[in-house]
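Enquirer:
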Amino acid sequence: MSQMRAVNDESDAKELRFPAEFENAETLMISEVKFLLENRKKQNETNAAHEVELSNNFTKTYNYATQFSKFNNRETIESVRNLLTQKRFHNFELAAVANLLPDTAEEAKVLIPSLENARFPEEELQQILDEIQSKRSFQS
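According to full-length UniProt numbering, the residues represented by the sequence shown are 1 to 140, in order.
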């Protein structure tokens with residue numbers, strides 16, 4: 001029990017504090033996961049001589065990523081990632097914003113509590129969210 005409490009004391013997403021094992025971890029948007037899984041699926045289909053049946057977990061993950069992916073092409077994904085990186089979003093926030101796509105700054109702050117701090121004035125956060133929505137609506 002005390003070990004769980006120590007981990008909980010160390011980590012707090014609102015304060016962008018995570019356990020040490022996540023310190024250098026990269027986060028992925030669901031859309032990025034979808035593209036990675038699509039590539040793996042295509043490799044499997046292309047290499048018919050050595051085709052391996054994809055696991056049930058792979059199929060479920062692929063279906064989930066396909067259903068909840070917000071961006072349809074790599075250019076949009078890269079553009080959104082670059083925008084959020086340039087604006088100095090933490091990796092956790094970057095993935096959360098891109099996956100949840102909140103419409104308003106207020107909604108973003110409720111869904112992603114670390115955005116409540118004064119790092120982003122409400123107007124700036126709203127502009128960023130609007131730009132992401134614009135990128136999404138103009139993707140091919």
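Virtual Cβ for every residue (Gly too), placed ideally from N, Cα, C. Predicted, not measured: the structure shown is a model, and the values here were computed from it.
Which same chain residues, not among the five before or five after L125, have their C-beta less than 7 Å away from its C-beta?
Expert: Counted from its first residue, the sequence shown places residue 125 at position 125. Closer than 7 Å at the Cβ level, and outside the excluded window around L125, lie A105, A108, L115.
Enquirer: Are residue 152 and I128 touching if we call contact CB-CB under 9 Å?
Expert: Absent from the structure is residue 152, since the part of the chain shown begins at 1 and ends at 140.
Enquirer: Quick check: what's the CA-CA separation for A13 versus P19?
Expert: As a first step, residue 13 is located in the sequence shown; it is residue number 13 there, counting from the start. As a first step, residue 19 is located in the sequence shown; it is residue number 19 there, counting from the start. Cα to Cα, A13 sits roughly 10 Å from P19.
Enquirer: Can you tell me whether DSSP reads R88 as helix, strand or coil?
Expert: Translated into the one-based positions of the sequence shown, residue 88 becomes position 88. The answer is coil: DSSP assigns R88 none of H, G, I, E or B.
Enquirer: Taking the straight line between their C-alpha atoms, what separation do you get for D103 and N47?
Expert: Within the sequence shown, numbered from 1, the residue matching residue 103 stands at position 103. Within the sequence shown, numbered from 1, the residue matching residue 47 stands at position 47. Their backbone Cα atoms lie some 42 Å apart in a straight line.
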